[in-house]
Amino acid sequence: MSDEDAIMLFSVNDRRIWQIAASADEKREKVTGPVVTFVRNQNINVTNYCINSCGFCGFSKKEGEAGGYLSSRDEIRNKAALARQRNVTEICTVSGLHPDFDAESYTDIITTLREGAPRVHIHASNPMEVAYAARKSGITTAEVLQQMKEAGLGSLCGTAAEILVDDVRKVICPGKIPTDEWIRIIKEAHTLGIPTTATIMYGHCETVKDRISHLSILRSIQDDTRGFTEFVPLSFVHMNTPLFRKGLARPGATGREDLLMTAVSRLYLDNIDHIQVSWVKTGVKMAQIGLMAGADDLGGTMYEESISKGAGAVNTDYLDPAEMERVALDIGRTLHERDTLYRVV
Ligand code: SF4
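Residues are numbered in this note's numbering as their position in the sequence shown, beginning at 1, plus a constant of 100.
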């Protein structure tokens, strides 16, 4: 699919959206079959102190601010042990950029998680954290990734991508790494045998053309490396964010935009097998509609979620697999538990 075709599809605002959704659903059926998958996972955010001030973030705190926290090693280990008791197969951890953190801090977190939950897959950090750790420790990003891998990192989060267009990044997250650095670190991870997810955050101040530039970058990386496990569209949660309060963003994507983001992604990203719906961002009902418009994966059970909640989302903490099964059966599909790398559990 050309960029021009995708721009045209994203702009449809009449009954033809159902044709686009149906095409994406057919494509999904050919690629992944009549199943809906999910992963049993738990989020563990180690700290919300952050030196950055991204405009879309309702999670971060400055040192001394009410509600700030930094978990101790014991707390991290205990939370990991609790996750293991809940039979999770994945622990997901992304945190704020703590002013005192360096590369060793990030590898320590991974080591501690593994102490609490040996054999559980650690899905951690993102290119921004890798760049930050490298800068703080005076080493290369490849060295940080290698150290994380040796500590037990299973896969890297493909977050901090937001929109991979620098003019948009300057508005929504001026302190974050630029597009070319995000691409370089993701490719570095893939080259080192560390798979990553791919994400987009949409529904704020980006244009349709910006979304396609972003998808085009992801498709081209995947052609080179085959390192993306899935694509996760993240609908902007606006309520508690400085970006929305300052009038720099619209109040999130509409239902039409959520539907088309899933459908067009399935059609455009011909080299990424799995398209996830984020029930945390859109709610379970809209997530189910996404599963009928090209998506095959419901993401994680979560157990504990604080990033979307900080931005104002509700009901983000836990989605019971029994409810996931109800959602899947209702659209004639079966629910399968998977691990982080999409192997059946
Ligand atoms: S999005 Fe991440 S880097 Fe940006 S302010 Fe929030 S915690 Fe910090």
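A virtual CB, placed ideally from N, CA and C, is assigned to each residue, including glycine.
Other residues of its chain near residue i: CB distance less than 7 Å, five sequence neighbours each side excluded
i, result
"residue 371", "319, 322, 323"
"residue 101", "367, 368"
One or two residues paired with residue i in a DSSP bridge
i, result
"residue 375", "331"
"residue 138", "437"
"residue 161", "149"
"residue 397", "137, 376"
"residue 143", "192"
"residue 299", "332"
"residue 255", "223"
"residue 444", "438"
Residue i, DSSP secondary structure in three states
i, result
"residue 320", "helix"
"residue 133", "coil"
"residue 166", "coil"
"residue 183", "helix"
"residue 101", "coil"
"residue 424", "helix"
"residue 195", "coil"
"residue 228", "helix"
"residue 275", "coil"
"residue 315", "helix"
"residue 384", "helix"
"residue 112", "coil"
"residue 268", "helix"
"residue 201", "coil"
"residue 338", "coil"
"residue 364", "helix"
"residue 106", "helix"
"residue 248", "helix"
"residue 408", "helix"
Distance between beta carbons of residue j and residue i, contact taken as under 8 Å
i, j, result
"residue 189", "residue 396", "The Cβ separation is near 18 Å, so there is no contact."
"residue 103", "residue 312", "5 Å"
"residue 389", "residue 359", "6 Å"
"residue 384", "residue 419", "7 Å"
"residue 382", "residue 221", "Actually they are not in contact, since the Cβ atoms of residue 382 and residue 221 sit about 25 Å apart, beyond 8 Å."
"residue 194", "residue 237", "Not quite, the Cβ-Cβ distance comes to about 19 Å (not below 8 Å), so this is no contact."
"residue 247", "residue 207", "5 Å"
Other residues of its chain near residue i: CB distance less than 6 Å, five sequence neighbours each side excluded
i, result
"residue 264", "279, 314, 317"
"residue 413", "337"
Sequence-distant residues of the same chain with beta carbon closer than 8 Å to residue i, five excluded per side
i, result
"residue 391", "136, 377, 398, 427, 428, 431, 433"
"residue 240", "234"
"residue 402", "141, 142, 143, 380, 416, 417, 418, 419"
"residue 187", "140"
"residue 326", "290, 371"
"residue 127", "366, 367, 394"
Which residues, in chain order, sit with a beta-carbon under 5 Å away from any heavy atom of the ligand SF4? Chain order is used for the residues whose beta-carbon lies nearer than 5 Å to a heavy atom of the ligand SF4, namely 150, 152, 154, 157, 160, 196.
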